[in-house]
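**Student:** Below is the structure I would like to discuss, written out as structure tokens.
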Amino acid sequence: MNIPFGNLTEEYLSLKPQIDKAIQDVIEQNAFVGNTSNHFIQKFESDFSTYLNLNNKQVITCGNGTDALEILLRAYNIGADDEVIVPAMSWFSTSEVVSIVGATPVFVDIEDHFYGIDPKKIEAAITPKTKAIIPVHLYGSPAQMDSIMEIAEKHNLIVIEDCAQAHGAMYKNKKIGTLGHAAAFSFYPGKNLGAYGDAGCMVVSNDTAEKARRIANHGQMTKHDHTLEGKNSRMDGIQAAILSVKLTHLESRNQKRQKVAETYSKLLDHIVHTPMVRDGSSHVFHIYAIQTEKRDFLQSTLKQAGIATGIHYPVALPFLKPYTHRGFRQDDFPIANKLANSELSLPMFPELSSKEITYIAECIKKTINE
Ligand SMILES: *Cc1c(COP(=O)(O)O)cnc(C)c1O
Numbered sequence: 024m025n026i027p028f029g030n031l032t033e034e035y036l037s038l039k040p041q042i043d044k045a046i047q048d049v050i051e052q053n054a055f056v057g058n059t060s061n062h063f064i065q066k067f068e069s070d071f072s073t074y075l076n077l078n079n080k081q082v083i084t085c086g087n088g089t090d091a092l093e094i095l096l097r098a099y100n101i102g103a104d105d106e107v108i109v110p111a112m113s114w115f116s117t118s119e120v121v122s123i124v125g126a127t128p129v130f131v132d133i134e135d136h137f138y139g140i141d142p143k144k145i146e147a148a149i150t151p152k153t154k155a156i157i158p159v160h161l162y163g164s165p166a167q168m169d170s171i172m173e174i175a176e177k178h179n180l181i182v183i184e185d186c187a188q189a190h191g192a193m194y195k196n197k198k199i200g201t202l203g204h205a206a207a208f209s210f211y212p213g214k215n216l217g218a219y220g221d222a223g224c225m226v227v228s229n230d231t232a233e234k235a236r237r238i239a240n241h242g243q244m245t246k247h248d249h250t251l252e253g254k255n256s257r258m259d260g261i262q263a264a265i266l267s268v269k270l271t272h273l274e275s276r277n278q279k280r281q282k283v284a285e286t287y288s289k290l291l292d293h294i295v296h297t298p299m300v301r302d303g304s305s306h307v308f309h310i311y312a313i314q315t316e317k318r319d320f321l322q323s324t325l326k327q328a329g330i331a332t333g334i335h336y337p338v339a340l341p342f343l344k345p346y347t348h349r350g351f352r353q354d355d356f357p358i359a360n361k362l363a364n365s366e367l368s369l370p371m372f373p374e375l376s377s378k379e380i381t382y383i384a385e386c387i388k389k390t391i392n393e
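Here the working numbering is used: position 194 in the sequence shown is 217, and no number is missing along the way.
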């Protein structure tokens, strides 16, 4: 049996008439480039705000999730001589954007089991230069936002949620992306809500929104009104039209991911470490992450059995090349390091059948018991 890691084709085939029409509409109306007067962009921004149930905040589309984080840091005037606290385990964008704006990423270890930045370790990393925290809802599992917001309030810090892996996840009855001062989403094709190319958005309070919009579009709100130096980071009209179609299926697709996860966890209980879901939170399983000391061996036997897997991520952020000069030691970030050495991501997509899940679980059992 050949089982891919993800599968975007089946989703497309199930929505083909609506998606093809959405693309055609954009082409016929020449609505290619995202700006404040493109109604495909306006519609998606309004659809996603409604989905998130925003209050005094708005959705601003942009080119990708990395730009969303960078633009938000700039909108809050974070730059040279500032420090931003980030988790030691994430996709590279989370720390990369801090350096891009000229600030310094300060790494904090993650919590065991739930993978978010560890609130108990944040205060020790705060200095007079600290301006912001970027919690990541890693794999689709919400970070401990209550404790993070409490610390941020006490030290007067901005909290920018990195929601790239957790569209639709809930934390204490609120959607992630509405809990911090601002949030960044990625619509990279493989995310839980994915476009057909690069795309992203920010969630930002109404009083900071105009600045963020300007930064994303050369400092303009209307043509030639450049009040600041920004960049070119606009969502394509085609991506906005596709995302409006796909958004209507996000909830049911997340529920299917949760069903897949439930089946995996039942079959793999006591064989490998399976993901946990925190009380009061929902996990949307962008990634179904198991942990085992036999990770590399397991990955190669699964490959031989036709099963594609991934590792998210093989090296914790502080140990990537751009940060080696800072001289971090392995035991500075024990949990992130343990995850880097033991995590394996199993195939995860809504269409995964129970027959496929059973086959994967059987292969894992056989390998671990060998
Ligand atoms: C995907 C991702 C991003 C970046 O999104 P892009 O749209 O690819 O730029 C940022 N943070 C995390 C945690 C991600 O997984």
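Where is the CB? At the ideal position from N, CA and C, for every residue including glycine.
Over the uninterrupted alpha helix (DSSP H) stretch that includes Gln41, give me the two end residues.
**Tutor:** Mapped onto the sequence shown, residue 41 falls at position 18. Note, Gln41: alpha helix (DSSP H), Thr32 to Glu51.
**Student:** Return helix, strand or coil for Gly88, following the three-state DSSP convention.
**Tutor:** As a first step, residue 88 must be located in the sequence shown, where it is residue number 65. Correct three-state label for Gly88: helix.
**Student:** Is the distance from the Cβ of Ala359 to the Cβ of His335 below 8 angstroms?
**Tutor:** Counting from 1 along the sequence shown, the entry for residue 359 is found at position 336. Counting from 1 along the sequence shown, the entry for residue 335 is found at position 312. Cβ atoms of Ala359 and His335: not closer than 8 angstroms.
**Student:** By a C-beta neighbour count over all protein chains shown, 10 Å radius and 16 as the cutoff for buried, is Ile50 buried or exposed?
**Tutor:** Indexing the sequence shown from 1 puts residue 50 at position 27. Ile50 is exposed by the Cβ-count criterion.
**Student:** Below 8 angstroms between beta carbons: does that hold for Ser228 and Lys44?
**Tutor:** Translated into positions along the sequence shown, residue 228 becomes position 205. Translated into positions along the sequence shown, residue 44 becomes position 21. No, they are not a contact pair.
**Student:** According to DSSP, simplified to helix, strand and coil, what is Cys186?
**Tutor:** As a position in the sequence shown, residue 186 is number 163, starting the count at 1. Coil, per DSSP.
**Student:** Check whether the Cβ of Gly88 sits closer than 7 angstroms to any heavy atom of ligand 1, and report yes or no.
**Tutor:** Numbered from its first residue, the sequence shown carries residue 88 at position 65. Because some heavy atom of ligand 1 lies under 7 angstroms away, the Cβ of Gly88 counts as near it: yes.
**Student:** By Cβ distance below 7 angstroms, which residues in the same chain neighbour Glu93 in space, the five residues on each side in sequence not counted?
**Tutor:** As a working mapping, residue 93 is identified with position 70 in the sequence shown. Counting only Cβ-Cβ distances below 7 angstroms, and skipping sequence neighbours, we find Val120, Ile123 and Val124.
**Student:** Should Ile50 be flagged as near chain C, meaning a C-beta pair shorter than 8 angstroms?
**Tutor:** Protein chain content of the structure displayed is limited to a single chain, and chain C is not contained in it.
**Student:** Near Cys186, what residues of its chain come up, given a Cβ to Cβ distance below 7 angstroms and the 5 sequence neighbours on each side ignored?
**Tutor:** Counting from one through the sequence shown, the residue named residue 186 turns up at place 163. Cβ neighbours of Cys186 beyond the five flanking positions: His160, Ile199, Gly200, Ala206, Ala207 and Phe208.
**Student:** List the DSSP bridge partners of Asn364.
**Tutor:** In the sequence shown, counting from the first residue as 1, residue 364 sits at position 341. In DSSP, Asn364 forms no bridge with anything.
**Student:** How about Tyr211: is its Cβ closer than 7 angstroms to a heavy atom in ligand 1?
**Tutor:** Here residue 211 is taken as the residue at index 188 of the sequence shown, counted from 1. Answer for Tyr211: yes, Cβ within range of ligand 1.
**Student:** If you run the structure through DSSP and keep just helix, strand and coil, what is His247?
**Tutor:** For the purposes of this step, residue 247 is taken as the residue at position 224 of the sequence shown. In the structure shown, His247 sits in coil (DSSP, three-state: anything other than H, G, I, E or B).
**Student:** On the criterion of 16 or more Cβ atoms from any shown chain inside 10 Å, does Ala222 qualify as buried, or is it exposed?
**Tutor:** Translated into positions along the sequence shown, residue 222 becomes position 199. Looking at its Cβ environment, which holds 16 or more other Cβ atoms inside 10 Å, Ala222 is buried.
**Student:** Assuming Cys85 and Arg318 form a contact by the criterion Cβ under 8 angstroms, report the distance between their Cβ atoms to the nearest whole angstrom.
**Tutor:** Translated into the one-based positions of the sequence shown, residue 85 becomes position 62. Translated into the one-based positions of the sequence shown, residue 318 becomes position 295. Between Arg318 and Cys85 the Cβ distance is about 36 angstroms, and since that is not below 8 angstroms, they are no contact.
**Student:** What residues in its chain sit with their C-beta under 8 angstroms from that of His296, if we drop five residues either side in the sequence?
**Tutor:** Reading the sequence shown from its first residue, position 273 is the one you call residue 296. Excluding positions up to five away in sequence, the list reads Ile313, Gln314, Thr315 and Ser365.
**Student:** Could you tell me which of Asp355, Leu325 and Ala263 sits nearest to Gly57, measuring between CA atoms?
**Tutor:** Locating residue 57 in the sequence shown gives position 34, where the first residue counts as 1. The shortest Cα separation from Gly57 among Asp355, Leu325 and Ala263 belongs to Ala263.
**Student:** Keeping to the same chain, check which residues put their C-beta closer than 6 angstroms to that of Glu33; ignore five residues upstream and five downstream.
**Tutor:** Sequence index remark: in the sequence shown, residue 33 carries index 10 (1-based). Glu374.
**Student:** So, with DSSP's three-state summary, where would you put Thr201?
**Tutor:** Within the sequence shown, residue 201 is the residue found at index 178, counting from 1. Here Thr201 sits in coil by DSSP.
**Student:** Can you give the Cα-Cα distance for Lys269 and Arg349, rounded to whole angstroms?
**Tutor:** The sequence position of residue 269 within the sequence shown is 246, counting from 1. The sequence position of residue 349 within the sequence shown is 326, counting from 1. Near 43 angstroms, if we compare the C-alpha coordinates of Arg349 and Lys269.
**Student:** Report whether the distance from the Cβ of Val107 to the nearest heavy atom of ligand 1 is below 7 angstroms.
**Tutor:** The residue given as residue 107 occupies position 84 in the sequence shown. No; taking the cut-off as 7 angstroms, the Cβ of Val107 has no heavy atom of ligand 1 nearer than that.
**Student:** In terms of alpha-carbon separation, which member of Asp90, Ala126 and Ile174 lies closest to Phe210?
**Tutor:** Indexing the sequence shown from 1 puts residue 210 at position 187. Of the candidates Asp90, Ala126 and Ile174, the one whose C-alpha sits nearest the C-alpha of Phe210 is Asp90.
**Student:** Could you give the first and the last residue of the continuous beta strand (DSSP E) run that contains Tyr311?
**Tutor:** Against the sequence shown, residue 311 aligns to sequence position 288. It spans Tyr311 to Gln314 - the beta strand (DSSP E) in which Tyr311 sits, taken as one unbroken run.
**Student:** Which class does Gln81 belong to by DSSP, given the choice of helix, strand or coil?
**Tutor:** Looking up residue 81 in the sequence shown gives position 58. Residue state, collapsed to three classes: strand.
**Student:** With a CB to CB cut of under 7 angstroms and the five nearest residues on each side skipped, what residues in its chain are close to Asn30?
**Tutor:** Here residue 30 refers to the residue found at position 7 when the sequence shown is read from its first residue. Taken in chain order, the residues that qualify are Phe372 and Glu374.
**Student:** Three or more C-beta pairs under 8 angstroms: does that hold for the region 241-251 against the region 282-302?
**Tutor:** No, the region 241-251 is not in contact with the region 282-302.
**Student:** Do Ala111 and Val131 have their C-beta atoms closer together than 8 angstroms?
**Tutor:** Taking the first residue of the sequence shown as position 1, residue 111 is located at position 88. Taking the first residue of the sequence shown as position 1, residue 131 is located at position 108. Closer than 8 angstroms, so yes.
**Student:** By how many angstroms is the C-alpha of Asn215 removed from the C-alpha of Lys389?
**Tutor:** Stepping through the sequence shown from its first residue, residue 389 is reached at position 366. Stepping through the sequence shown from its first residue, residue 215 is reached at position 192. Between Lys389 and Asn215, the C-alpha separation is close to 31 angstroms.
**Student:** So what does Tyr194 bridge to, in DSSP terms?
**Tutor:** Translated into the one-based positions of the sequence shown, residue 194 becomes position 171. DSSP, once it has assigned bridges, lists Lys197 and Ser304 as partnering Tyr194.
**Student:** Mind checking Asp259: buried by the 16 CB within 10 Å criterion, or exposed?
**Tutor:** Within the sequence shown, residue 259 is the residue found at index 236, counting from 1. That one is buried.
**Student:** What's the gap between the Cα of Ser275 and the Cα of Ala218?
**Tutor:** Residue 275 sits at position 252 when you count from the first residue of the sequence shown. Residue 218 sits at position 195 when you count from the first residue of the sequence shown. Going by the C-alpha atoms only, they are around 17 angstroms apart.
**Student:** In angstroms with no decimal places, state the Cα-to-Cα distance between Gln47 and Phe63.
**Tutor:** What you label residue 47 is simply residue 24 of the sequence shown in a count that begins at 1. What you label residue 63 is simply residue 40 of the sequence shown in a count that begins at 1. For Gln47 and Phe63, the distance between alpha carbons rounds to 12 angstroms.
**Student:** Report the option in His272, Asp230 and Lys152 whose CA atom is closest to the CA atom of Gly191.
**Tutor:** Numbered from its first residue, the sequence shown carries residue 191 at position 168. Residue His272 is the option with its Cα nearest to Gly191.
**Student:** Roughly how many whole angstroms lie between the Cα atoms of Ala155 and Asp141?
**Tutor:** Taking the first residue of the sequence shown as position 1, residue 155 is located at position 132. Taking the first residue of the sequence shown as position 1, residue 141 is located at position 118. If I take the Cα positions, the gap works out to 15 angstroms.
**Student:** Would you give the residue range spanned by the alpha helix (DSSP H) that Met172 belongs to?
**Tutor:** Stepping through the sequence shown from its first residue, residue 172 is reached at position 149. Residues Met168 to His178.
**Student:** Tell me whether Phe28 sits in a helix, a strand or coil according to DSSP, three-state version.
**Tutor:** Here residue 28 refers to the residue found at position 5 of the sequence shown. Three-state result, Phe28: coil.
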